[in-house]
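S.K.: Chains as they are written, first to last, in the numbering used here: chain A, 1 to 397; chain B, 398 to 794. All C-beta atoms in this analysis are idealised placements derived from N, C-alpha and C, irrespective of residue type, glycine included. Quantities reported herein were computed from a predicted structural model and do not represent experimental measurements.
Protein chains: 2
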Amino acid sequence: MAESLPQGYQFAGVHAGLKRNPQKQDVALIVSDRPAVAAGVFTQNLVCAAPVKLCRQRVPGDSLRAVVINSGNANACTGEQGDRDAEGMAAAAARACGIAAEQALVLSTGVIGRLMPMGTIEAGIAAAAAHLGDSADHLQTAARGMMTTDTHPKTCARQVEIDGVAITVAGMAKGAAMIGPNLATMLAVVCTDAKLAPADAQAGLKDAADESFNCISVEGHTSTNDSVLLLANGAAGGPQLAGSSLAKFQATLVEVCEELAIMIPTDGEGATHLITVEVHGCATRTDAVRIARTIADSPLVKTAITGHDPNWGRIVSAAGYAGVPFDPDKVSLLINGSLLYEHGAPVPFDPAAVSAAMKADRNCGLVLILEEGEQSARFWTSDLTAEYIRLNADYTT
Amino acid sequence: MAESLPQGYQFAGVHAGLKRNPQKQDVALIVSDRPAVAAGVFTQNLVCAAPVKLCRQRVPGDSLRAVVINSGNANACTGEQGDRDAEGMAAAAARACGIAAEQALVLSTGVIGRLMPMGTIEAGIAAAAAHLGDSADHLQTAARGMMTTDTHPKTCARQVEIDGVAITVAGMAKGAAMIGPNLATMLAVVCTDAKLAPADAQAGLKDAADESFNCISVEGHTSTNDSVLLLANGAAGGPQLAGSSLAKFQATLVEVCEELAIMIPTDGEGATHLITVEVHGCATRTDAVRIARTIADSPLVKTAITGHDPNWGRIVSAAGYAGVPFDPDKVSLLINGSLLYEHGAPVPFDPAAVSAAMKADRNCGLVLILEEGEQSARFWTSDLTAEYIRLNADYTT
Numbered sequence: 001m002a003e004s005l006p007q008g009y010q011f012a013g014v015h016a017g018l019k020r021n022p023q024k025q026d027v028a029l030i031v032s033d034r035p036a037v038a039a040g041v042f043t044q045n046l047v048c049a050a051p052v053k054l055c056r057q058r059v060p061g062d063s064l065r066a067v068v069i070n071s072g073n074a075n076a077c078t079g080e081q082g083d084r085d086a087e088g089m090a091a092a093a094a095r096a097c098g099i100a101a102e103q104a105l106v107l108s109t110g111v112i113g114r115l116m117p118m119g120t121i122e123a124g125i126a127a128a129a130a131h132l133g134d135s136a137d138h139l140q141t142a143a144r145g146m147m148t149t150d151t152h153p154k155t156c157a158r159q160v161e162i163d164g165v166a167i168t169v170a171g172m173a174k175g176a177a178m179i180g181p182n183l184a185t186m187l188a189v190v191c192t193d194a195k196l197a198p199a200d201a202q203a204g205l206k207d208a209a210d211e212s213f214n215c216i217s218v219e220g221h222t223s224t225n226d227s228v229l230l231l232a233n234g235a236a237g238g239p240q241l242a243g244s245s246l247a248k249f250q251a252t253l254v255e256v257c258e259e260l261a262i263m264i265p266t267d268g269e270g271a272t273h274l275i276t277v278e279v280h281g282c283a284t285r286t287d288a289v290r291i292a293r294t295i296a297d298s299p300l301v302k303t304a305i306t307g308h309d310p311n312w313g314r315i316v317s318a319a320g321y322a323g324v325p326f327d328p329d330k331v332s333l334l335i336n337g338s339l340l341y342e343h344g345a346p347v348p349f350d351p352a353a354v355s356a357a358m359k360a361d362r363n364c365g366l367v368l369i370l371e372e373g374e375q376s377a378r379f380w381t382s383d384l385t386a387e388y389i390r391l392n393a394d395y396t397t
Numbered sequence: 398m399a400e401s402l403p404q405g406y407q408f409a410g411v412h413a414g415l416k417r418n419p420q421k422q423d424v425a426l427i428v429s430d431r432p433a434v435a436a437g438v439f440t441q442n443l444v445c446a447a448p449v450k451l452c453r454q455r456v457p458g459d460s461l462r463a464v465v466i467n468s469g470n471a472n473a474c475t476g477e478q479g480d481r482d483a484e485g486m487a488a489a490a491a492r493a494c495g496i497a498a499e500q501a502l503v504l505s506t507g508v509i510g511r512l513m514p515m516g517t518i519e520a521g522i523a524a525a526a527a528h529l530g531d532s533a534d535h536l537q538t539a540a541r542g543m544m545t546t547d548t549h550p551k552t553c554a555r556q557v558e559i560d561g562v563a564i565t566v567a568g569m570a571k572g573a574a575m576i577g578p579n580l581a582t583m584l585a586v587v588c589t590d591a592k593l594a595p596a597d598a599q600a601g602l603k604d605a606a607d608e609s610f611n612c613i614s615v616e617g618h619t620s621t622n623d624s625v626l627l628l629a630n631g632a633a634g635g636p637q638l639a640g641s642s643l644a645k646f647q648a649t650l651v652e653v654c655e656e657l658a659i660m661i662p663t664d665g666e667g668a669t670h671l672i673t674v675e676v677h678g679c680a681t682r683t684d685a686v687r688i689a690r691t692i693a694d695s696p697l698v699k700t701a702i703t704g705h706d707p708n709w710g711r712i713v714s715a716a717g718y719a720g721v722p723f724d725p726d727k728v729s730l731l732i733n734g735s736l737l738y739e740h741g742a743p744v745p746f747d748p749a750a751v752s753a754a755m756k757a758d759r760n761c762g763l764v765l766i767l768e769e770g771e772q773s774a775r776f777w778t779s780d781l782t783a784e785y786i787r788l789n790a791d792y793t794t
């Protein structure tokens, strides 16, 4: 976790009562001490939650001050009352922080189709405002406030010196299931003290999300609430970033987004392996992502890895139905560095040794090499276990 | 099962030695006593098995005589030797039946990436030819010869009188996993004694498959070997079917294909529910199929039904990421006939009663109603259980 956090931000997480367990935070608040540029990428699900609609109206923007987050209730499929409740959450955060209602953004995650208990959540927002602080512990506690079935809070931070100014980028994310692109496949908020133009913030977040949050899945089900926000308040000082300085910032932003994104399938519900699928030699990056995602989302591939079975046939055949044209006679495949399939034909290998290596390592690397071009992509997913089934066969009732 | 089978066909199933258990058939043979029109639809997986390539060269055709089938070895990802082995299986069937090699079709299913043990299979084909017969028992035994993890053989038959002639359509199918369109998502052979033009046979089979075998899934992984064949030998007598007579035949063909197709997710690996997803009110049938398939393939929808949880949020949100435009405020949903969601908002219902009904019934019906047009579709799938994970986490090794 972060030794240092971006300047000008405070964080809080409290238990408001949306979750039954009083030890568990369910409301989080992030406040910038000055107006911040804000960017966002959101679920592409047509059925999107009320807070997503609210955020879409407010980002990109140049004078945001707060993000209020709750877990335990998604405020999705809740009709016009849900829209009013999302507005009500923003208004409550504004009252508690002494800002305008339009300066607050809202993120929600949890059960779909239940109206938000507004009394409970407004009291929680007021309590959170009373517990704000700028330490790493405060960031961790805020990250706990967005957790659902996550087993631990997910945060990370990086510093980079740009034109003599120390810039910090820190983020928090949640997600362990209902994870599948596009777009951003969970909740995440990234805060920086860099000074960015709104258009640069939006374009930079979109690009970073495309290499990180849009390249992860757990079971491939795109949520109604997925949102990734970027706040940039300029508190570090220095000029608005442009040119090579902006590029240097962007590289750090991608690092933070990638680190946060990978934490999600790593903590995927019931997961026993983090699977990294690399696809090389495609005509376009879009082709590479599509093949990688198809492999990652195949239950037969996932269960083979759960059973540490080097079943390359499932992997190669998943690539074949991705909808991307390629020559199957030029395909090669490695699992954990062992070449199992080369130019469309199996390579003799020791299944027991490869299986033992898969069993010993919580990380499983699949590398598929085509010969259609120069583009490549990485995609991260979790394996599929009986524990995932147990967790999801009885959630609302 | 069939009281009567189409005239002019014989069936056999034997144990050749591809499966370890000597009680289990692994080679099947279907022979027509006269040249038959043959049609086929095949996997759209780019990585397709050698027998699929062979069949694609030979259908549609007008003088086929035999179909040889093996289970236990898919002859997929086996390079040029695999192509020669598929030819070798056709040649062996031809020798055993006294026909030309080009008159035989080949279907294989089983493990990917292993060379076919040709001595074993050639002996099995010769044995099958010695056990041919035209009884329902012979059809059942042949159907057993194509089983992999299926728990029972899948056959069905229908009779229809067309222009005073009794026409019979009978089929056999296999499949319990690696089931996801397109195209035909498993192995099936349908035999009829009707007299059809090759182009009519091909078009009719394509249409029938689009309403049946292309509307089922287990886990959505499109196989390398999926094939559906239709043989029409004209042995019933009467003229070549055309016009309304052809339409009457087509209706029967669709019934047989649908009955066979539904048997597959019903017998899906580890399944405790057959899920029927109906989508109504779409602009096109393609849209309706796409939404139905997206719902059917969501692990979160499947596990909700495993846990008999009326979690309509997972179903509505899956529709939202199908890639089909619709107005989310006009969506309604029924589970097992209970209206849970109407015009974009939840309807109060008794979760315990709906859950109890889901628990009591092995069939689960989901009906999603949009207001974008008049087209609809049905899609069938199995639920997702810990037993599916157990079966698939350790298959080849």
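I'd like to know whether the C-beta of alanine 184 of chain A is nearer than 8 Å to at least one C-beta of chain B.
M.R.: Your numbering for residue 184 of chain A matches position 184 in the first sequence. Confidence in alanine 184 of chain A is poor, its pLDDT being 33 and thus under 50, which makes the residue's placement unreliable; the coordinate value appears in the next sentence. Chain B contact via Cβ: absent.
S.K.: Tell whether a beta-carbon distance below 8 Å holds between glycine 542 of chain B and isoleucine 659 of chain B.
M.R.: Counting from 1 along the second sequence, the entry for residue 542 of chain B is found at position 145. Counting from 1 along the second sequence, the entry for residue 659 of chain B is found at position 262. Contact flag unset, no.
S.K.: Would you say proline 265 of chain A faces chain B, with C-beta separation under 8 Å as the test?
M.R.: The residue you call residue 265 of chain A lines up with position 265 of the first sequence. Chain B, which has no Cβ nearer than 8 Å to the Cβ of proline 265 of chain A, makes this no.
S.K.: I need the DSSP call for leucine 384 of chain A, collapsed to helix, strand or coil.
M.R.: As a working note, residue 384 of chain A is residue 384 in the first sequence. Correct three-state label for leucine 384 of chain A: coil.
S.K.: Can you give me the start and stop residues for the beta strand (DSSP E) that valine 111 of chain A sits inside?
M.R.: On the first sequence, residue 111 of chain A is found 111 positions in, with the first residue counted as 1. In the DSSP assignment, valine 111 of chain A falls within the unbroken beta strand (DSSP E) covering 104-111.
S.K.: Roughly how many whole angstroms lie between the Cα atoms of valine 14 of chain A and aspartate 207 of chain A?
M.R.: Reading the first sequence from its first residue, position 14 is the one you call residue 14 of chain A. Reading the first sequence from its first residue, position 207 is the one you call residue 207 of chain A. Straight-line Cα distance between these residues: approximately 33 Å.
S.K.: Measure from the C-beta of glutamate 219 of chain A to each C-beta in chain B and report whether the shortest distance is under 8 Å.
M.R.: In the first sequence, residue 219 of chain A corresponds to position 219, counting from 1. Closer than 8 Å to some Cβ of chain B, the Cβ of glutamate 219 of chain A qualifies, so yes.
S.K.: Between the Cα of histidine 528 of chain B and those of B/Gln647, B/Ala600 and B/Gln422, spot the shortest distance and give me the residue it belongs to.
M.R.: Reading the second sequence from its first residue, position 131 is the one you call residue 528 of chain B. Among B/Gln647, B/Ala600 and B/Gln422, the Cα nearest to that of histidine 528 of chain B belongs to B/Gln422.
S.K.: I need the DSSP call for lysine 154 of chain A, collapsed to helix, strand or coil.
M.R.: What you label residue 154 of chain A is simply residue 154 of the first sequence in a count that begins at 1. It is a strand residue.
S.K.: What do you get for glycine 8 of chain A, buried or exposed, if any count of 16 or more other CB atoms within 10 angstroms of its CB means buried?
M.R.: Position 8 of the first sequence holds residue 8 of chain A. Answer is buried; the Cβ neighbour count reaches 16.
S.K.: I need the straight-line Cα distance from threonine 272 of chain A to alanine 487 of chain B, nearest angstrom please.
M.R.: Working through the first sequence from its first residue, we reach residue 272 of chain A at position 272. Working through the second sequence from its first residue, we reach residue 487 of chain B at position 90. Computed Cα separation, rounded: 44 Å.
S.K.: Name the DSSP beta bridge partners of serine 298 of chain A, please?
M.R.: Here the question's residue 298 of chain A lines up with position 298 in the first sequence. None; serine 298 of chain A has no bridge partner.
S.K.: Kindly give me the distance between the Cβ atoms of alanine 574 of chain B and glutamate 666 of chain B, rounded to whole angstroms, as I take these residues to be in contact under 8 Å.
M.R.: By 1-based counting over the second sequence, the position of residue 574 of chain B is 177. By 1-based counting over the second sequence, the position of residue 666 of chain B is 269. With 8 Å as the limit, alanine 574 of chain B and glutamate 666 of chain B qualify as a contact, their Cβ atoms being about 4 Å apart.
S.K.: With a threshold of 8 Å between beta carbons, is isoleucine 389 of chain A in contact with chain B?
M.R.: Taking the first residue of the first sequence as position 1, residue 389 of chain A is located at position 389. Interface residue, yes.
S.K.: Express the C-alpha separation of asparagine 214 of chain A and threonine 185 of chain A in angstroms, rounding to a whole number.
M.R.: Along the first sequence, one-based indexing puts residue 185 of chain A at 185. Along the first sequence, one-based indexing puts residue 214 of chain A at 214. Here the model assigns threonine 185 of chain A a pLDDT of 41, short of 50, so the residue's position is not dependable, and the following value carries that caveat. Distance between the alpha carbons of threonine 185 of chain A and asparagine 214 of chain A is about 7 Å.
S.K.: Give the C-beta separation of alanine 567 of chain B and threonine 552 of chain B to the nearest angstrom, bearing in mind that I take them to be a contact with Cβ-Cβ under 8 Å.
M.R.: As a first step, residue 567 of chain B must be located in the second sequence, where it is residue number 170. As a first step, residue 552 of chain B must be located in the second sequence, where it is residue number 155. Indeed, because the Cβ distance is near 7 Å, the residues count as touching under 8 Å.
S.K.: Quick check: the Cα distance between alanine 716 of chain B and serine 779 of chain B, rounded to an integer number of angstroms?
M.R.: As a first step, residue 716 of chain B is located in the second sequence; it is residue number 319 there, counting from the start. As a first step, residue 779 of chain B is located in the second sequence; it is residue number 382 there, counting from the start. The alpha-carbon atoms of alanine 716 of chain B and serine 779 of chain B are separated by roughly 18 Å.
S.K.: Expressed to the nearest angstrom, what Euclidean distance is found between the alpha-carbon atoms of alanine 401 of chain A and glutamate 616 of chain B?
M.R.: Outside the modelled stretch of chain A, which goes from 1 to 397, sits residue 401 of chain A, for which no answer is possible.
S.K.: Mapping the DSSP letters down to three states, classify leucine 593 of chain B as helix, strand or coil.
M.R.: Residue mapping note: residue 593 of chain B aligns to position 196 of the second sequence, counting from 1. Coil at leucine 593 of chain B, not helix or strand.
S.K.: Starting from the Cα of aspartate 597 of chain B, find the closest Cα among B/Ala554, B/Ala491 and B/Lys645 and give me that residue.
M.R.: Sequence index remark: in the second sequence, residue 597 of chain B carries index 200 (1-based). It is B/Lys645 whose Cα lies nearest to the Cα of aspartate 597 of chain B.
S.K.: Got a sec: is the Cβ-Cβ distance from cysteine 452 of chain B to anything in chain A below 8 Å?
M.R.: On the second sequence, position 55 is the one that residue 452 of chain B refers to. With 8 Å as the cut-off, cysteine 452 of chain B does not count as an interface residue toward chain A.
S.K.: Pair every Cβ in the region 329-337 of chain A with every Cβ in the region 240-258 of chain A, then say whether three or more of these pairs are closer than 8 Å.
M.R.: Between the region 329-337 of chain A and the region 240-258 of chain A there are fewer than three inter-stretch CB-CB distances shorter than 8 Å, so the stretches are not counted as touching.
S.K.: Mapping the DSSP letters down to three states, classify serine 338 of chain A as helix, strand or coil.
M.R.: Here the question's residue 338 of chain A lines up with position 338 in the first sequence. Residue state, collapsed to three classes: strand.
S.K.: Within 10 angstroms of its Cβ, does leucine 580 of chain B collect 16 or more other Cβ (buried), or is it exposed?
M.R.: By one-based count along the second sequence, residue 580 of chain B stands at place 183. Unreliable placement is indicated for leucine 580 of chain B, whose pLDDT of 36 sits below 50; no coordinate value is reported for it.
S.K.: Quick check on the burial criterion: 16 or more other C-beta atoms within 10 angstroms. Buried or exposed for histidine 549 of chain B?
M.R.: The residue given as residue 549 of chain B occupies position 152 in the second sequence. By the 10 Å Cβ count, histidine 549 of chain B comes out exposed.
S.K.: Would arginine 34 of chain A be called buried (16 or more neighbouring beta carbons within 10 Å of its own) or exposed?
M.R.: For the purposes of this step, residue 34 of chain A is taken as the residue at position 34 of the first sequence. Per the 10 Å Cβ criterion, exposed.
S.K.: Hey, glycine 237 of chain A and arginine 290 of chain A are a contact pair by Cβ (cut 8 Å); roughly how many whole angstroms apart?
M.R.: Residue 237 of chain A sits at position 237 when you count from the first residue of the first sequence. Residue 290 of chain A sits at position 290 when you count from the first residue of the first sequence. Not a contact, Cβ separation roughly 43 Å.
S.K.: If you measure from the CB of alanine 104 of chain A, is any heavy atom of the ligand ZN nearer than 7 Å?
M.R.: As far as ligands go, the structure on display features none, and thus does not contain the ligand ZN.
S.K.: Using only the alpha-carbon positions, how far apart do methionine 398 of chain B and serine 355 of chain A sit?
M.R.: As a first step, residue 398 of chain B is located in the second sequence; it is residue number 1 there, counting from the start. As a first step, residue 355 of chain A is located in the first sequence; it is residue number 355 there, counting from the start. Low confidence applies to methionine 398 of chain B: its pLDDT is 42, below 50, so where it sits in the model is not reliable enough to give any reading.
S.K.: Does the separation of the CB atoms of valine 713 of chain B and tyrosine 738 of chain B fall below 8 Å?
M.R.: As a first step, residue 713 of chain B must be located in the second sequence, where it is residue number 316. As a first step, residue 738 of chain B must be located in the second sequence, where it is residue number 341. It is a contact, given that the beta carbons lie within the stated cut-off.
S.K.: For asparagine 214 of chain A and chain B, any beta-carbon pair shorter than 8 Å?
M.R.: Residue mapping note: residue 214 of chain A aligns to position 214 of the first sequence, counting from 1. By the rule that beta-carbons nearer than 8 Å mark a contact, asparagine 214 of chain A does not touch chain B.
S.K.: Would you say isoleucine 112 of chain A faces chain B, with C-beta separation under 8 Å as the test?
M.R.: Start at 1 with the first residue of the first sequence, and residue 112 of chain A comes out as number 112. Chain B contact via Cβ: present.
S.K.: Are there 16 or more other CB atoms within 10 angstroms of the CB of glycine 133 of chain A, so buried, or fewer, so exposed?
M.R.: As a first step, residue 133 of chain A is located in the first sequence; it is residue number 133 there, counting from the start. Result: exposed.
S.K.: Tell me the DSSP secondary structure of lysine 416 of chain B in three-state form.
M.R.: For the purposes of this step, residue 416 of chain B is taken as the residue at position 19 of the second sequence. Reduced to three states, the DSSP call for lysine 416 of chain B is coil.
S.K.: Beta-carbon of alanine 296 of chain A versus every beta-carbon of chain B: anything under 8 Å?
M.R.: Against the first sequence, residue 296 of chain A aligns to sequence position 296. Cβ-Cβ to chain B under 8 Å: no for alanine 296 of chain A.
S.K.: From what residue to what residue does the beta strand (DSSP E) around glutamine 10 of chain A run?
M.R.: As a position in the first sequence, residue 10 of chain A is number 10, starting the count at 1. Segment 9-14, the beta strand (DSSP E) holding glutamine 10 of chain A.
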